[in-house]
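Quick mapping for you: the protein sequence lines, in order, are chains A and B. If you're matching positions, the first sequence starts at 21 in the numbering used here and goes up one per residue. If you're matching positions, the second sequence starts at 254 in the numbering used here and goes up one per residue. Just so you know, even glycine gets a beta-carbon here, dropped at the ideal spot from N, CA and C. Note that the coordinates shown come from a computational prediction; the quantities given were computed from them, not determined experimentally. Single-structure report; data block below.
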Amino acid sequence: MNSPVIELRGLSHRYDTDPVLRDIDLTIEAGEIFGFLGHNGAGKTTAINIITTLIEPTSGTAKVCGYDVVTERRDVTRCIGYLPAEVRMYGHMTAAENLEFFAKLSGVTEPRKAVAETLDYLDCAELANKRVGSFSTGMRQRIGIAQAIVHRPKVLFLDEPTSGLDPLGVRQLRATILRLNGDLGMTVFMNTHLLSEVSKVCTTIGVLNHGELIYKDSIEETTRRFPDEASLEDIYVRMETSS
Amino acid sequence: MIATIAAHQVLSLRRQRVFLALLATLLTMTALAGVLGWSSHHTIVRVYDEAVKLLASTGKPAPPNPFLLKPTLSLLSNMVVYIPLIGALLALILGHLSIVDDETNGTGRLVFSRQVTRTSYVLGKIASAAAVLAVVLTASLLVSVASLLVVNHTIAAGDFGRLGLFYALSWLYLMVFALIGMVTVLMTRRRSIALLSAMGAWLVITFVIPQFTSGLRPTQSLNPITDPASTSQTFFKITSTLRSYSVVEQYKQASGQILQTATAESVGQTIQRILPIAGLVIVLALVTVRLVQRHDFSRSANSE
């Protein structure tokens, strides 16, 4: 059995007096591609912000690779890569300069080499010396993924990664996620709205509704559990409405 | 980590057109100060030469050249005005740009999901601002030296030292504005509000406070001239006391002492003028560190 890579226990968060996450218990094992589903404002991004050490939870604990996100922040950040939604990076700098900076911040010993290898791996070496500010959404997303994996993290967090991408871009992203999971063994935690992508990419899903985790299981088990529903979208709608 | 962040910020600033435009303006104004000094020197010397010729033809003795009585560095006295005007604006933009991308582009989220502590981050940003200002003022110093060499064909070691001290003081003064540029980004949610707030602070420090503390004597807010005869009115007594805390006036007075363009005072008095500026830099640096420690960079994307 795989060891848990992400463990949330009683995780809660509130902004001022508004509760955003309520008592979340969640375990994600190594090698999984986890799709985190939920309506707008359900708390998905807040959960990622806590797990990636950007904010501290109001209560409860979160561990990544066995390290606590509050007390062992440095160890957690060594294990993770993160691509936020609609990140723009430093637009007046080239892709290589952006990536080198983030590689250095991640403690990569040979940042230039790591950048070249990463761009090659993602088939976008031709973008290296172009300024990010001139990139299309799809190109920006590829460089965004490159910055997230330049230090070869164990866990990759993607927040709405398909947002703004055209169908071809979505397909490329899907292929990239599967390669990262298959070739490099990265566990992937993905916030998304796009249910069609979840069914094609994810091994496990979790559904967040108004800050509460109302469902978590593998894709196979989910389709077995809801035999009357034609698609994952129908299942999701049923979960949301019944909760 | 501090060096990585500082080096990245310096590279970033080199690509920012607004910053480069302001830098070019400051250097142009520095050269202009030299040109104005040279023009003034040239005109007076020509008038003096004509007067000497006229006096000689009538058999009268000529007075000494008036420029020989003036300190050499008085040629650059306009720099004491340009630094608080253009230099301070440049420093504000520098401080603003240092943090605003991480605040509004969402790159702060990328930075803080790495092995970067908030202390390293803010120290890197302050170090980069300090280094960039040092380079900018060194360039300005070189332009000033070139101007002096054009006019006088030589520069005494003492004058060079005084010029160096003047630019060191200017660096300290401009750090106030670089830090204000950072603080306003960290205290506001929108890019435009942050910039407007910083400009507001610049206006207050450069124009409003001196207007008040100099007893509404407008020429004093622009020129480092000596205080007119003191007045016994309570209002002017209060404003004169508060003047010690007006950093722009203290900067101009201390600069006047360094460049020997103001009435001489003791070194201790000049140091006392510099202390409020240094104090403000320390306070603003501590405030910046504190604000970065508490700032929520996770909510920072797409603010405008």
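Cβ-based neighbour list, residue i, same chain, cut-off 8 Å, excluding 5 preceding and 5 following
i	result
B:Arg415	Leu326, Ile511, Leu512, Gln513
A:Ala145	Ala136, Leu139
B:Glu557	Any reading at B:Glu557 must be qualified, since the residue scores a pLDDT of 39, below 50, and its modelled position is unreliable; no value is offered.
A:Asn69	Ile75
B:Phe550	Asp355, Glu356, Gly361, Arg362, Val364, Phe365
A:Pro39	Ser32, His33, Gly231
A:Phe209	Ile26, Ile48, Phe54, Phe56, Ile68, Ile71, Val175, Leu176, Phe177, Leu178
From the options, residue whose alpha carbon lies closest to that of residue i
i	options	result
A:Asp45	A:Leu193, A:Gly226, A:Thr261	A:Gly226
B:Tyr335	B:Ala507, B:Ala284, B:Ile535	B:Ala284
B:Ile462	B:Ala409, B:Leu495, B:Ala315	B:Leu495
B:Thr391	B:Phe419, B:Thr523, B:Ala507, B:Phe550	B:Phe419
B:Leu394	B:Gly312, B:Val385, B:Gly417, B:Leu376	B:Gly417
A:Asp95	A:Leu193, A:Glu241, A:Val84, A:Pro187	A:Val84
A:Lys17	A:Leu204, A:Met113, A:His59	Outside the displayed span of chain A (21 to 263) sits residue 17 of chain A, for which this structure offers no information.
A:His59	A:Pro24, A:Ile239, A:Glu232	A:Glu232
A:Ile265	A:Glu106, A:Ser32, A:Glu52	Residue 265 of chain A cannot be examined here, being either before or after the span of chain A that is shown, 21 to 263.
B:Ala531	B:Leu264, B:Gln464, B:Trp424, B:Ala447	B:Trp424
B:His295	B:Met428, B:Asn405, B:Val534	B:Asn405
B:Leu328	B:Leu307, B:Gly340, B:Ser293	B:Ser293
B:Gly377	B:Arg268, B:Tyr301, B:Ala538	B:Ala538
B:Arg552	B:Leu432, B:Val369, B:Leu439, B:Val389	B:Leu439
B:Thr516	B:Lys323, B:Ile433, B:Val540	B:Lys323
A:Arg160	A:Pro173, A:Leu119, A:Tyr35, A:Pro131	A:Leu119
A:Tyr102	A:Ala166, A:Glu117, A:Val128, A:Thr78	A:Ala166
A:Gly111	B:Gln269, B:Ala410, B:Leu280, B:Asp302	B:Gln269
A:Thr78	A:Ile100, A:Asp43, A:Cys99, A:Ser156	A:Asp43
A:Pro173	A:Asp203, A:Val152, A:Ser156, A:Arg194	A:Asp203
A:Leu198	A:Val221, A:Asp186, A:Pro187	A:Val221
B:Thr281	B:Asn331, B:Asp302, B:Gly453	B:Asn331
A:Asp186	A:Thr196, A:Thr157, A:Leu200	A:Thr157
Same chain only: Cβ atoms within 6 Å of residue i, ignoring 5 sequence neighbours per side
i	result
B:Ser400	Gly287
B:Ala554	Per-residue confidence for B:Ala554 stands at a pLDDT of 48, beneath the threshold of 50, marking its modelled position as unreliable; no derived number is given.
B:Arg371	Val545, Gln546
B:Ala426	Correcting the residue type first, residue 426 of chain B is Tyr in the shown sequence and not Ala. For B:Tyr426, where only same-chain residues beyond five positions count, the Cβ hits under 6 Å are Tyr504, Ile530.
B:Thr257	none
B:Pro314	none
A:Asp254	none
A:Gly189	Gly158
Cutoff 7 Å; reference residue i; Cβ partners in own chain excluding five residues on either side
i	result
B:Val364	Asp355, Tyr374
A:Val90	Glu76
A:His230	Ala62
A:Leu252	Leu215, Val218, Ser219
B:Ala384	Ala259, Val263
A:Met21	Confidence at A:Met21 is low in this model, with a pLDDT of 49, below 50, so its placement is unreliable and the value that follows should be read with caution. Excluding residues within five positions, none has a Cβ falling inside 7 Å.
A:Thr97	Thr73
A:Arg29	Asp45, Gly80, Thr81
B:Ile297	Pro319, Phe320
B:Ala447	His349, Val353, Thr437, Val438, Thr441
A:Gly205	Gly51
B:Ile458	Val500, Val501
B:Ser465	Here residue 465 of chain B is Phe; the residue named in the question, Ser, does not match the sequence. Closer than 7 Å at Cβ, skipping near neighbours: Thr492.
A:Ala123	Pro131, Ala134, Val135, Val170, His171
Identity of the residues DSSP links to residue i by a beta bridge
i	result
A:His270	This structure does not reach residue 270 of chain A, given that chain A is present from 21 up to 263, and the question cannot be answered.
A:Ile237	Residue 237 of chain A is actually Asp in this sequence, not Ile. The partner list for A:Asp237 (beta bridge, DSSP) reads A:Ile225.
A:Ile26	A:Ile48, A:Val84
A:Met210	A:Gly55, A:Leu178
A:Glu232	A:Asn229
A:Ser79	A:Ser32
A:Lys151	A quick correction: the sequence has Arg, not Lys, at residue 151 of chain A. DSSP lists A:Thr114 as partners of A:Arg151.
Any non-hydrogen atom of the ligand COA within 7 Å of residue i CB
i	result
B:Ile297	Judged by which ligands are present, the structure shown has none, so any question about the ligand COA falls away.
Beta-carbon separation (whole angstroms), residue i vs residue j, contact threshold 8 Å
i	j	result
B:Tyr504	B:Leu422	7 Å
A:Asn211	A:Glu180	6 Å
B:Leu347	B:Phe272	6 Å
A:Leu41	A:Thr66	6 Å
B:Gly509	B:Val333	7 Å
B:Leu345	B:Ala451	5 Å
A:Thr223	A:Ile26	Not a contact, Cβ separation roughly 14 Å.
B:Val369	A:Leu125	5 Å
B:Val500	B:Val429	6 Å
Practice task
Identify every run of the alpha helix (DSSP H) within the segment 87–133 of chain A, keeping only runs that are complete inside it and at least 4 residues long; order them along the chain.
Solution key: 93–99, 115–125
Exercise for the section: Please list the segments of the alpha helix (DSSP H) lying wholly inside the segment 414–457 of chain B, counting only runs of 4 or more residues, in order along the chain. Expected result: 444–456
Problem - Entirely enclosed alpha helix (DSSP H) segments - the segment 497–543 of chain B, minimum 4 residues - result: 500–511
Handout entry: Secondary structure, alpha helix (DSSP H): runs of 4+ residues fully inside the segment 312–345 of chain B
Key = 332–335
Exercise for the section: Jot down the residue ranges of each uninterrupted alpha helix (DSSP H) in the segment 356–410 of chain B, minimum 4 residues, whole runs only, in chain order. Expected result: 360–364, 371–405
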